[in-house]
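> Residue numbers (the numbering used here), protein chains in the order written: chain A, 31 to 298; chain B, 61 to 151. Quick one: the structure is below, and I'll ask about it shortly.
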């Protein structure tokens, strides 16, 4: 297959970019693809921690770009699943240690080796985002059903479009069906009404996400929680498999149900 | 249940969130600063004033969302029409 470079971005911080990057990378590797998860957040490295690989980081991608090491010296192989690698960020450098054209060159090298290059983008719309997006073909925008996150997502979608990334698809993270039922949270369809992108997945709020981060075991290694199922489904949809959207909370005729019916239409 | 839910959710925080979000996105996307909007308002008043006497203290003007496109909505109270002005021009 032709390799794909996907930037996972959001604008706003703390909505789940790193968790999403880690879990999608694990799911794709489990599905048999050769995957590298790139931590593009120079100075605020975290993907290594979330993936539980922090003790095995030696070099980082800034070292590769500066020629201090070879690419395969910097790649950290995940021993829990075949074909999964992490390319860490430099922790003691700043965003301007690299520029977009160097990032394009790096991703071109990665494309020779991998089916999927998942770029975990830093929050914000400045240099860090520009670097992470530079070599990407397509975008995944992570948001939560909160107005501040959705507003920032709208901004980032505009920027991805002007950078001519395509397709750009939306992940709505930390959805709480109970709050939606009580009329206290934006529904999936509300978010889709205001943002001009297609939906690729909805991830429920799930305490096991925090547990998995605590222990450095991405959820996608075990398929027993709602969030892990949701991430696995997103990974499948990325590869072109048409997976129906999750039946969160059985949806007892709540507004959530209509949201899901609608988003199913959107996903086509 | 459906009706109850609708009644219950008319003033829900979800509704408020959606309305506020839609409005702020209209402004974000249009990329029009309040200063620019004010400039437009003053110029518009000038133009309309040539033809009508308007209550310039009670003009409401803002960007709004209209089925996916952005609309400039203005509510301008007219006090009287300046007919003489127009007649003069015709002569």
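Ideal placement from N, C-alpha and C gives every residue a C-beta, glycine not left out.
If we require 3 or more residues per run, which beta strand (DSSP E) segments fall completely within the stretch 34 to 83 of chain A?
As far as the stretch 34 to 83 of chain A is concerned, its whole beta strand (DSSP E) runs of at least 3 residues are 34 to 39 and 65 to 69.
> Is the shortest distance between the beta-carbon of residue 84/B and the beta-carbons of chain A less than 8 Å?
The residue labelled residue 84/B in the question sits at position 24 within the second chain. With 8 Å as the cut-off, residue 84/B counts as an interface residue toward chain A.
> Do residue 185/A and residue 148/A have their C-beta atoms within less than 8 Å of each other?
If you number the first chain from 1, residue 185/A lands on position 155. If you number the first chain from 1, residue 148/A lands on position 118. No, these two residues do not count as a Cβ contact at 8 Å.
> Across the stretch 33 to 42 of chain A and the stretch 169 to 183 of chain A, are there enough close Cβ pairs to call them in contact, namely three or more that are closer than 8 Å?
Cβ pair count under 8 Å is three or more, so yes.
> In chain order, what residues of the same chain lie with their CB nearer than 6 Å to the CB of residue 140/B, ignoring the 5 residues before and after it?
Your numbering for residue 140/B matches position 80 in the second chain. Excluding positions up to five away in sequence, the list reads 113.
> Below 7 Å on C-beta distance, what does residue 270/A contact in chain B?
The count along the first chain starts at 1 and reaches residue 270/A at position 240. Result: empty, since nearest Cβ-Cβ is about 29 Å, beyond 7 Å.
> For residue 203/A, tell me which candidate among 217/A, 58/A, 188/A and 75/A has the shortest Cα-Cα distance.
Here residue 203/A corresponds to residue number 173 of the first chain, with the count starting at 1. Here the closest residue by C-alpha is 217/A.
> Beta-carbon separation of residue 35/A and residue 166/A under 8 Å?
Sequence index remark: in the first chain, residue 35/A carries index 5 (1-based). Sequence index remark: in the first chain, residue 166/A carries index 136 (1-based). Yes; because the gap between Cβ atoms is below 8 Å, this pair is in contact.
> Assign residue 49/A to one of two classes, buried (16 or more other C-beta atoms within 10 Å of its C-beta) or exposed (fewer than that).
Your numbering for residue 49/A matches position 19 in the first chain. Looking at its Cβ environment, which holds 16 or more other Cβ atoms inside 10 Å, residue 49/A is buried.
> What residue range is occupied by the uninterrupted alpha helix (DSSP H) comprising residue 208/A?
Your numbering for residue 208/A matches position 178 in the first chain. Where residue 208/A is concerned, the enclosing alpha helix (DSSP H) stretches over 207 to 211.
> Would you mind telling me which residues of chain B sit closer than 9 Å to residue 189/A, beta carbon to beta carbon, in chain order?
For the purposes of this step, residue 189/A is taken as the residue at position 159 of the first chain. Ordered by position in chain B, no residue passes the 9 Å Cβ test against residue 189/A, which lies about 12 Å from the chain.
> If the criterion is Cβ atoms closer than 8 Å, does the pair residue 72/A and residue 135/A meet it?
Start at 1 with the first residue of the first chain, and residue 72/A comes out as number 42. Start at 1 with the first residue of the first chain, and residue 135/A comes out as number 105. Contact flag unset, no.
> In or out: residue 275/A buried (at least 16 other Cβ within 10 Å) or exposed?
In the first chain, residue 275/A corresponds to position 245, counting from 1. The residue in question, residue 275/A, is buried, as its Cβ has 16 or more Cβ neighbours within 10 Å.
> Please report the residue range of the alpha helix (DSSP H) in which residue 169/A lies.
As a first step, residue 169/A is located in the first chain; it is residue number 139 there, counting from the start. First-last for residue 169/A: 168 to 173, but that is the beta strand (DSSP E), not the alpha helix (DSSP H).
> Going by beta carbon distance, what residues of the same chain come within less than 6 Å of residue 108/A, once the five residues before and after it are set aside?
Position 78 of the first chain, counted from the first residue, corresponds to residue 108/A. Taken in chain order, the residues that qualify are 114.
> Give a yes or no on whether the minimum CB-CB distance between residue 124/B and chain A is below 8 Å.
Residue numbering aside, residue 124/B sits at position 64 when the second chain is read from its first letter. Not one chain A Cβ lies under 8 Å of residue 124/B.
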